[in-house]
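Peer 1:
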Amino acid sequence: MATALCPGSFDPVTYGHLDIIERAARHFEGVIVAVIRNPQKSQSLFSLEERQEMLREETAHLDNVSIDFFKGLLVDFARDRGASAIVKGLRAVSDFDYELQMAQMNQRLSGVDTFFLSTSPQHSFLSSSLVREVARFGGDVSSMVPKSVLARLSERFADEGGTP
Ligand code: PNS
Numbered sequence: 001m002a003t004a005l006c007p008g009s010f011d012p013v014t015y016g017h018l019d020i021i022e023r024a025a026r027h028f029e030g031v032i033v034a035v036i037r038n039p040q041k042s043q044s045l046f047s048l049e050e051r052q053e054m055l056r057e058e059t060a061h062l063d064n065v066s067i068d069f070f071k072g073l074l075v076d077f078a079r080d081r082g083a084s085a086i087v088k089g090l091r092a093v094s095d096f097d098y099e100l101q102m103a104q105m106n107q108r109l110s111g112v113d114t115f116f117l118s119t120s121p122q123h124s125f126l127s128s129s130l131v132r133e134v135a136r137f138g139g140d141v142s143s144m145v146p147k148s149v150l151a152r153l154s155e156r157f158a159d160e161g162g163t164p
């Protein structure tokens with residue numbers, strides 16, 4: 001049985017991510033949650049260490065899941081860790097175009113295959129960026145992220161005085 005990577009920014013981890021990680025852990029011998037060091041999309045809300053810590057707290061019950069970080073190409077990290085698969089969640093058709101492109105590029109570069117899991121319907125609208133935005137303006141995200149993440153979001157935005 002193979003080792004798989006679940007890569008992402010996890011800024012912060014949501015119930016949608018955890019659903020994919022838990023389900024991947026049922027199908028692979030080992031799952032490495034690969035946290036990207038510098039998310040390119042934007043300045044991250046949480047540091048790499050914080051993002052990893054939240055993931056460790058929320059996956060502690062999964063014996064075959066570990067948390068690690070990478071920078072550079074994901075396929076180089078996969079090779080370093082002996083992982084032959086990447087697992088991604090697909091929320092909607094809109095995710096598919098870009099994910100397919102990345103999967104094909106990663107396959108061409110390295111032979112590493114990407115496995116797509118359909119996101120559970122109750123999480124299909126969920127993204128870290130929306131969670132950050134809603135939480136920043138005081139919206140209720142308690143059904144979208146674990147309690148420990150919720151506490152960190154409140155703390156972070158309290159530090160910011162509740163506005164960007
Ligand atoms: O949670 P995100 O931000 O959607 O995760 C995107 C991520 C980190 C999985 C993706 O950007 C990635 O794999 N970046 C690493 C750089 C890389 O390998 N780029 C080539 C992709 S074909």
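Numbered per this note's numbering, the sequence shown spans residues 1 to 164. Glycine is no exception: its CB is placed at the ideal position from the N, C-alpha and C atoms. Since we're looking at a predicted model, the values are computed, not measured.
1) Regarding M144 and ligand 1, is the C-beta to nearest heavy atom distance less than 8 Å?
2) Check whether the Cβ of F10 lies closer than 8 Å to any heavy atom of ligand 1, and answer yes or no.
3) In whole angstroms, what is the alpha-carbon distance linking Q122 and D19?
4) With DSSP as the reference, label R147 as helix, strand or coil.
5) Are there any heavy atoms of ligand 1 lying less than 8 Å away from the beta-carbon of L126, as far as the coordinates show?
6) With R28 and H17 assumed to form a contact (beta carbons below 8 Å), what rounded beta-carbon distance in angstroms separates them?
7) Quick check on the DSSP output: the alpha helix (DSSP H) that includes D80 runs from which residue to which?
8) Pick from Y98, L117, I32: whose alpha carbon is nearest that of D80?
9) Can you give the Cα-Cα distance for A135 and L48, rounded to whole angstroms?
10) Is the Cβ-Cβ distance between F70 and A25 less than 9 Å?
11) Between E58 and P146, what straight-line distance do the alpha-carbon atoms span, to the nearest angstrom?
12) Going by C-alpha to C-alpha distance, which of G72, D97, L153, A2 sits closest to G8?
13) Return the chain-ordered list of same chain residues with a C-beta closer than 8 Å to the C-beta of G82, the five sequence neighbours on each side being excluded.
14) Would S128 and T14 qualify as a contact pair, given that the criterion is a beta-carbon distance under 9 Å?
15) Could you give the DSSP three-state label for L45: helix, strand or coil?
Peer 2: Considering the structure as presented:
1) Taking the first residue of the sequence shown as 1, we reach residue 144 at position 144. For ligand 1, not one heavy atom lies less than 8 Å from the Cβ of M144.
2) The residue given as residue 10 occupies position 10 in the sequence shown. Checking the 8 Å criterion, the Cβ of F10 is within range of a heavy atom belonging to ligand 1.
3) As a working mapping, residue 122 is identified with position 122 in the sequence shown. As a working mapping, residue 19 is identified with position 19 in the sequence shown. Near 10 Å, if we compare the C-alpha coordinates of D19 and Q122.
4) In the sequence shown, counting from the first residue as 1, residue 147 sits at position 147. Looking at the sequence itself, residue 147 is Lys, so the reference to Arg does not match. The answer is helix: DSSP assigns K147 an H, G or I state.
5) By 1-based counting over the sequence shown, the position of residue 126 is 126. For ligand 1, not one heavy atom lies less than 8 Å from the Cβ of L126.
6) By 1-based counting over the sequence shown, the position of residue 28 is 28. By 1-based counting over the sequence shown, the position of residue 17 is 17. As written in the sequence, residue 28 is Phe, which differs from the Arg given in the question. Incorrect: roughly 16 Å between the Cβ atoms, too far for contact.
7) Position 80 of the sequence shown, counted from the first residue, corresponds to residue 80. Where D80 is concerned, the enclosing alpha helix (DSSP H) stretches over 74 to 81.
8) Here residue 80 refers to the residue found at position 80 of the sequence shown. Residue I32 is the option with its Cα nearest to D80.
9) Here residue 135 corresponds to residue number 135 of the sequence shown, with the count starting at 1. Here residue 48 corresponds to residue number 48 of the sequence shown, with the count starting at 1. When rounded, the distance between both Cα atoms is 20 Å.
10) Here residue 70 is taken as the residue at index 70 of the sequence shown, counted from 1. Here residue 25 is taken as the residue at index 25 of the sequence shown, counted from 1. Against a cut-off of 9 Å, the Cβ pair of A25 and F70 comes out as no contact.
11) The count along the sequence shown starts at 1 and reaches residue 58 at position 58. The count along the sequence shown starts at 1 and reaches residue 146 at position 146. In a straight line, the C-alpha of E58 is about 8 Å away from that of P146.
12) Along the sequence shown, read from residue 1 onward, the residue named residue 8 stands at position 8. Looking at the Cα atoms, G72 is the closest of the given residues.
13) Residue 82 sits at position 82 when you count from the first residue of the sequence shown. Around G82, the same chain offers T3 as residues with beta carbons nearer than 8 Å, after the five sequence neighbours per side are excluded.
14) Counted from its first residue, the sequence shown places residue 128 at position 128. Counted from its first residue, the sequence shown places residue 14 at position 14. Yes.
15) The residue given as residue 45 occupies position 45 in the sequence shown. Taken through DSSP and simplified to helix, strand or coil, L45 comes out as coil.
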